[in-house]
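So the sequence shown is residues 1 to 209, counted in our numbering.
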Amino acid sequence: MKMTPNFTQSSGLLLLLASGWLQAATPLEQMNAALTEWVSAQHGIPTSSVTVAPPDARVAVQPCGSGFVFDYPFVNKEHVRVRCAKPNWQLFVKVGLTPGAAPPLPTAATTAPKATPAPEFRQVVVASTNLLAGQVLQRDSLKLERMEADKINKAHYQELQGLEGQELMRAVRAGEPIRVSDLRQATLVKRGEMVLMIVGSPATFEISV
């Protein structure tokens, strides 16, 4: 592409102006310009929204031949540490963001928690009333009630069939689930109980003991 004399002269003039500004800018102005660009990039905001507080008048910013290095030394991010390797020095500068400069907060649609799925329920066997240890279960001693499926395990009964006539090994409150470890086969005759035994048949002879 062939450049016209006017375009070449204009480009050269711009370069001279930029070079002249860099040479004319003081070390403080150079640091503030680089610091503003860095804070702007960190927060994703325009440079016009960044404010840099002037340093203490007793502190003179020295030229930096190695380039400025910036970081946030504190959690609140109100100060930026400026470091230079050649010559070796560092400086803490207070910065601020103008109102409305912070990145937009997530919308309600993005922050709303996901709906928790409804829990699954199943039926388990529970005590209809308060039951005592040693009590033999009757038909009306038990009933089925719903319980969250993730709280049910192999120790729970889920059917009433076969539980009538079982003996409780511990006291169970009304509404409390019955577990496998709570039951045992009922003892028909316990020690110390009176038993009536009948031998023979009514047609011939009969002996009661």
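Cβ coordinates follow ideal geometry from the N, Cα and C atoms, glycine included.
- Going by DSSP, residue 39 is part of no beta strand (DSSP E) but of the alpha helix (DSSP H) stretching over 27 to 43.
- One thing to note: residue 70 has its Cβ no nearer than 8 Å to the Cβ of residue 61.
- In the DSSP annotation of this structure, the continuous segment of the beta strand (DSSP E) that includes residue 122 starts and ends at 121 to 127.
- Residue 71 sits in a strand when the DSSP states are folded into three classes.
- For residue 79, the enclosing beta strand (DSSP E) starts and ends at 79 to 84.
- Taking a 10 Å sphere around the C-beta of residue 166, we find 16 or more other C-beta atoms and assign the residue as buried.
- Remark: three or more beta-carbon pairs, one from each stretch, lie closer than 8 Å, so the stretch 27 to 39 and the stretch 47 to 61 are flagged as touching.
- Rounded to the nearest whole angstrom, the C-alpha separation of residue 144 and residue 173 is 14 Å.
- A direct Cα-Cα distance of roughly 18 Å separates residue 194 from residue 134.
- In the DSSP assignment, residue 177 is bridged to 126.
- When the beta-carbon positions are compared, residue 97 and residue 156 stay at least 8 Å from each other.
- Per DSSP, residue 136 lies in no beta strand (DSSP E) segment and is marked neither H nor E.
- In the same chain as residue 85, and ignoring 5 residues on each side of it, the C-beta atoms closer than 6 Å to its own belong to 66, in chain order.
- In the structure shown, residue 51 falls within a strand segment according to DSSP collapsed to helix, strand and coil.
- Taking a C-beta distance under 8 Å as the contact criterion, residue 160 and residue 125 qualify as a contact pair.
- Under the 10 Å beta carbon count, residue 59 is surrounded by fewer than 16 other beta carbons and is classified as exposed.
- For residue 194, no beta strand (DSSP E) encloses it, and the DSSP letter there is neither H nor E.
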